[in-house]
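Numbering (numbering that gives the first Met the number 0), first residue to last: 0 to 368.
All C-beta atoms, glycine included, are put in the ideal place defined by N, C-alpha and C.
Every value quoted in this text rests on a predicted model; they were computed, and no experiment measured them.
Take a look at the structure set out below.
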Amino acid sequence: MPRLFNRNRSPNEVPTLSGTREFEGGYRYSKDENDKARSELFSGGTNRPAENSSLYPPPSYETQTDQYARNAGVGDKYSRGYGNPDIDRAELFAGRQSTQSRRGFEDDEPTNMTAEEEEESVEGIKQDTRKLKQESVQSTRNALRIARQAEETAQNTLLKIGDQSEKIANTERHLDLAKGSHSRAEDKTSETERLNQSIFRPRFTFNKEAKRQKEEQKILNRHELERLEREKAAMDVRETRDRLGKAGSYGSGVVGSGVVGGGDGDVDTYGNGEEGIVTAPKLSPEQQQARQAARAKYQFEATASDDELEDELDDNLDEIQDVAKRLKGLAEASGQELDTQNPRLGRISNNADKLDAKIVRTTGRLKRI
Numbered sequence: 000m001p002r003l004f005n006r007n008r009s010p011n012e013v014p015t016l017s018g019t020r021e022f023e024g025g026y027r028y029s030k031d032e033n034d035k036a037r038s039e040l041f042s043g044g045t046n047r048p049a050e051n052s053s054l055y056p057p058p059s060y061e062t063q064t065d066q067y068a069r070n071a072g073v074g075d076k077y078s079r080g081y082g083n084p085d086i087d088r089a090e091l092f093a094g095r096q097s098t099q100s101r102r103g104f105e106d107d108e109p110t111n112m113t114a115e116e117e118e119e120s121v122e123g124i125k126q127d128t129r130k131l132k133q134e135s136v137q138s139t140r141n142a143l144r145i146a147r148q149a150e151e152t153a154q155n156t157l158l159k160i161g162d163q164s165e166k167i168a169n170t171e172r173h174l175d176l177a178k179g180s181h182s183r184a185e186d187k188t189s190e191t192e193r194l195n196q197s198i199f200r201p202r203f204t205f206n207k208e209a210k211r212q213k214e215e216q217k218i219l220n221r222h223e224l225e226r227l228e229r230e231k232a233a234m235d236v237r238e239t240r241d242r243l244g245k246a247g248s249y250g251s252g253v254v255g256s257g258v259v260g261g262g263d264g265d266v267d268t269y270g271n272g273e274e275g276i277v278t279a280p281k282l283s284p285e286q287q288q289a290r291q292a293a294r295a296k297y298q299f300e301a302t303a304s305d306d307e308l309e310d311e312l313d314d315n316l317d318e319i320q321d322v323a324k325r326l327k328g329l330a331e332a333s334g335q336e337l338d339t340q341n342p343r344l345g346r347i348s349n350n351a352d353k354l355d356a357k358i359v360r361t362t363g364r365l366k367r368i
C-alpha cells in the first residue's frame, strides 16, 4: 500500500496509485472498473437491467385494491370506479360493538317474539311504569315536606316581625310618656324660677287673662299631639295584625276551585296528613271526572292501587302549589311589614334626639336656679 503521508517526501511530489493508468488529458481510471464495464457489455445480457415492461406493468383496474384510489368508490351513483359496497360496508363497521336493548332485543332489528315473550315484555314495562310512579310519589312527598318546613319557617319569621312591630309601638308609647313627663318637668322648672326670684323685685302682671288662656291652649295642644301619636301607634299595630292575618290565609282555597285568599268556603289542608302525605280534599264530581279523563291518556290499567298512586300524586302536587302560594303571601307580607317599620324606627330616632336635647336644656335651667 503506498504511503500517502510521508514526511520525507517532497511537498511537490504527487503520490501514485497501483493498478491505475493515466491517459491523455490527465484523467486516471481504475483497471478494475474498466474490466467490470467491459465484461458487462459483452456478457450477453446476463447482468443487463430489466426492461421497463417488467418494472412498470400496465395499470389494471380489475386487480388494484387500493381503498383510497378514485376507482375504488363506495358504489353509489355519485362515485366512479368498481368498488364493492358490501366489502366497504364490512370494513366501515368492522369495529362496531352490538348494544343490548333494554329488554334483551335489538331495537333496530326485527324480532320474532312469541306470545309469552311479548306478554313478559309488556309486564316488565308495566312494572317499570309503576316503579316510576312510586318514585314520583315519593319525590312529591319529599318536596311537600320541604315546602311545609319552609312555610313553617316563614310563618315563624313573620310572627317575629309582628312581635317586633308591637315592641316598636310600645317604644313609641313610652317615648310619648317621656315627652309628657318632660313637659311637666319643664313647667315645674319655670314655676320654680318664678318663685325663686327676689322679694324686692316688683312683679306687675299685664294681660293676665290672655297669658292664662295662652298657657291653657299650650296644654291642650300638647295633649292633642300626644293623643294623635298614641292613636297612630295603635293604628300601626292594627295594620300589622291585619297583614299577618291576610298572609296566613293567602292561597288556602279549595284545590282546583280557583279561589285564592281567605273567604267563605275556603279549606286549608295544612297539617292534615302524616309523614308528608296530605289528606285529599273532597272534589266535586265534575272535577273528579276531569281528573280521570286527563289521567286516561297515560294510564295503562285503571286498577285501584294505580288510582291511589295517581290520586296521591295529584293531591301532593296541588298541595305543593297551595304551599307555594302561601309562601308568596308570607314573603309579601314580611316585605310590607318591614317597609312600614323602617319609617317608624326613623321617627322614634328623631323624637328621641329631640327629647334628649330638651332634657339637657331643662337640666341646665335647674342647675342655674
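1. At the level of alpha carbons, what is the spacing between S304 and R325?
2. Given 8 Å as the limit, is there contact between the stretch 212–219 and the stretch 164–179, that is, 3 or more CB pairs closer than that?
3. Using three-state DSSP, classify N169 as helix, strand or coil.
4. Please list, in chain order, all residues of the same chain as H181 whose beta carbon is under 8 Å from its beta carbon, the five residues on each side excluded.
5. Please check the pair E225 and G179, which I expect to be a contact at CB under 8 Å, by giving their CB distance rounded to whole angstroms.
6. Using only the alpha-carbon positions, how far apart do R102 and K125 sit?
7. Please report the distance separating the alpha-carbon of G252 from that of S138.
8. Locate the alpha helix (DSSP H) running through I347, then write down its first and last residues.
9. Could you check how far apart the C-beta atoms of E171 and A209 are, in whole angstroms? I think they sit under 8 Å.
10. At the level of alpha carbons, what is the spacing between V136 and Q148?
11. My output table needs one value for S198: the three-state DSSP class, helix, strand or coil.
12. For N341 and R367, I'd like the C-alpha separation in whole angstroms.
13. Compute the Euclidean distance between the alpha carbons of Q196 and H222, then round it to the nearest angstrom.
14. Please report the distance separating the alpha-carbon of Q320 from that of L176.
15. How many angstroms separate the CA atom of L329 from the CA atom of K187?
16. Using a threshold of 8 Å, state whether the C-beta atoms of T152 and S333 are closer than that.
17. Does the ligand PLP have even one heavy atom less than 7 Å from the beta-carbon of Q196?
18. So A93 is in the alpha helix (DSSP H); what residue range does that whole segment cover?
19. If you compare alpha carbons, which of N83, D85, D314 and D338 is closest to E238?
20. Please state the DSSP three-state secondary structure of S52.
21. Is it the case that the Cβ atoms of L174 and N350 are separated by a distance below 8 Å?
22. Roughly how many whole angstroms lie between the Cα atoms of L344 and I198?
23. For V121, count neighbouring Cβ atoms within 10 angstroms of its own Cβ and tell me buried if that reaches 16, exposed if not.
24. Can R290 and D306 be called in contact, C-beta distance under 8 Å?
25. Just how far apart, CA to CA, sit K207 and G363?
26. Output the boundary residues of the alpha helix (DSSP H) element that contains E285.
27. Which of the three DSSP states, helix, strand or coil, is assigned to D300?
28. How big is the Cα-Cα spacing for S189 and F205?
29. Straight-line CA distance for K296 to K159?
30. My assumption, with CB atoms under 8 Å, is that L308 sits in contact with K130. Please give the rounded CB distance.
31. Tell me the rounded alpha-carbon separation between P284 and R346.
32. Excluding five sequence neighbours on each side, which residues of the same chain lie with their C-beta closer than 6 Å to the C-beta of R294?
33. Between D85, T128, R140 and R242, which lies nearest to V322 when the distance is taken from Cα to Cα?
34. In the structure shown, what three-state DSSP assignment does T113 receive?
In brief:
1. Here residue 304 corresponds to residue number 305 of the sequence shown, with the count starting at 1. Here residue 325 corresponds to residue number 326 of the sequence shown, with the count starting at 1. Cα to Cα, the separation comes out at about 31 Å.
2. no
3. Within the sequence shown, the letter at position 170 stands for residue 169. Reduced to three states, the DSSP call for N169 is helix.
4. Position 182 of the sequence shown, counting from 1, holds the residue named residue 181. Excluding residues within five positions, the ones whose Cβ falls inside 8 Å are L354, K357, I358 and T361.
5. Within the sequence shown, numbered from 1, the residue matching residue 225 stands at position 226. Within the sequence shown, numbered from 1, the residue matching residue 179 stands at position 180. Contact flag correct, Cβ pair sits at about 6 Å.
6. One-based indexing of the sequence shown puts residue 102 at position 103. One-based indexing of the sequence shown puts residue 125 at position 126. For R102, the predicted model reports a pLDDT of 48, less than 50, meaning its position is unreliable; a value from the coordinates is still stated below. Roughly 13 Å between the two C-alpha positions.
7. Position 253 of the sequence shown, counting from 1, holds the residue named residue 252. Position 139 of the sequence shown, counting from 1, holds the residue named residue 138. The predicted position of G252 is uncertain, since its pLDDT is 45 and thus under 50; no value can be drawn from it.
8. Within the sequence shown, the letter at position 348 stands for residue 347. Membership of I347 in the alpha helix (DSSP H) is indicated by the continuous run A303 to R367.
9. Here residue 171 corresponds to residue number 172 of the sequence shown, with the count starting at 1. Here residue 209 corresponds to residue number 210 of the sequence shown, with the count starting at 1. No, E171 and A209 are not in contact; Cβ-Cβ is about 35 Å, not under 8 Å.
10. Taking the sequence shown and counting its residues from 1, the one referred to as residue 136 is at position 137. Taking the sequence shown and counting its residues from 1, the one referred to as residue 148 is at position 149. Cα-Cα distance, rounded: 18 Å.
11. For this step, residue 198 is matched to residue 199 along the sequence shown. The identity of residue 198 in the sequence shown is Ile, whereas the question assumes Ser. In the structure shown, I198 sits in coil (DSSP, three-state: anything other than H, G, I, E or B).
12. Stepping through the sequence shown from its first residue, residue 341 is reached at position 342. Stepping through the sequence shown from its first residue, residue 367 is reached at position 368. Approximately 40 Å between the Cα atoms of the pair.
13. As a first step, residue 196 must be located in the sequence shown, where it is residue number 197. As a first step, residue 222 must be located in the sequence shown, where it is residue number 223. Computed Cα separation, rounded: 30 Å.
14. Counting from one through the sequence shown, the residue named residue 320 turns up at place 321. Counting from one through the sequence shown, the residue named residue 176 turns up at place 177. Spanning the two alpha carbons is a distance of roughly 48 Å.
15. For this step, residue 329 is matched to residue 330 along the sequence shown. For this step, residue 187 is matched to residue 188 along the sequence shown. Spanning the alpha carbons of L329 and K187 requires a straight line of approximately 51 Å.
16. Numbered from 1 along the sequence shown, position 153 holds the residue referred to as residue 152. Numbered from 1 along the sequence shown, position 334 holds the residue referred to as residue 333. Against a cut-off of 8 Å, the Cβ pair of S333 and T152 comes out as no contact.
17. Absent from the structure shown: the ligand PLP. Ligands present: none.
18. On the sequence shown, position 94 is the one that residue 93 refers to. Premise fails: A93 is in no alpha helix (DSSP H) and is neither H nor E.
19. Taking the first residue of the sequence shown as 1, we reach residue 238 at position 239. Nearest C-alpha to E238: D338.
20. The count along the sequence shown starts at 1 and reaches residue 52 at position 53. Low per-residue confidence applies at S52: pLDDT is 46, beneath 50, and the placement is therefore not dependable, though the value from the model is reported in the following sentence. Annotated three-state conformation of S52 is helix, per DSSP.
21. Here residue 174 refers to the residue found at position 175 of the sequence shown. Here residue 350 refers to the residue found at position 351 of the sequence shown. It is a contact, given that the beta carbons lie within the stated cut-off.
22. Residue 344 sits at position 345 when you count from the first residue of the sequence shown. Residue 198 sits at position 199 when you count from the first residue of the sequence shown. Roughly 49 Å separates the two Cα atoms.
23. Indexing the sequence shown from 1 puts residue 121 at position 122. Exposed.
24. Residue mapping note: residue 290 aligns to position 291 of the sequence shown, counting from 1. Residue mapping note: residue 306 aligns to position 307 of the sequence shown, counting from 1. No, the pair does not count as a contact, with Cβ atoms beyond the cut-off.
25. Here residue 207 corresponds to residue number 208 of the sequence shown, with the count starting at 1. Here residue 363 corresponds to residue number 364 of the sequence shown, with the count starting at 1. If I take the Cα positions, the gap works out to 28 Å.
26. Residue 285 sits at position 286 when you count from the first residue of the sequence shown. Bounds of the alpha helix (DSSP H) holding E285 are P284 to R294.
27. As a working mapping, residue 300 is identified with position 301 in the sequence shown. The sequence given here has Glu at residue 300, not Asp. Three-state DSSP puts E300 in coil, outside helix and strand.
28. On the sequence shown, residue 189 is found 190 positions in, with the first residue counted as 1. On the sequence shown, residue 205 is found 206 positions in, with the first residue counted as 1. C-alpha separation (whole angstroms): 18 Å.
29. Taking the sequence shown and counting its residues from 1, one reaches residue 296 at position 297. Taking the sequence shown and counting its residues from 1, one reaches residue 159 at position 160. Their Cα atoms are separated by approximately 48 Å.
30. The residue labelled residue 308 in the question sits at position 309 within the sequence shown. The residue labelled residue 130 in the question sits at position 131 within the sequence shown. Not confirmed; about 11 Å, so no contact.
31. As a working note, residue 284 is residue 285 in the sequence shown. As a working note, residue 346 is residue 347 in the sequence shown. Each residue's alpha carbon lies about 57 Å from the other.
32. One-based indexing of the sequence shown puts residue 294 at position 295. Answer for R294: E309, listed in chain order.
33. If you number the sequence shown from 1, residue 322 lands on position 323. Checking every option, the nearest Cα to that of V322 belongs to R140.
34. The count along the sequence shown starts at 1 and reaches residue 113 at position 114. Correct three-state label for T113: coil.
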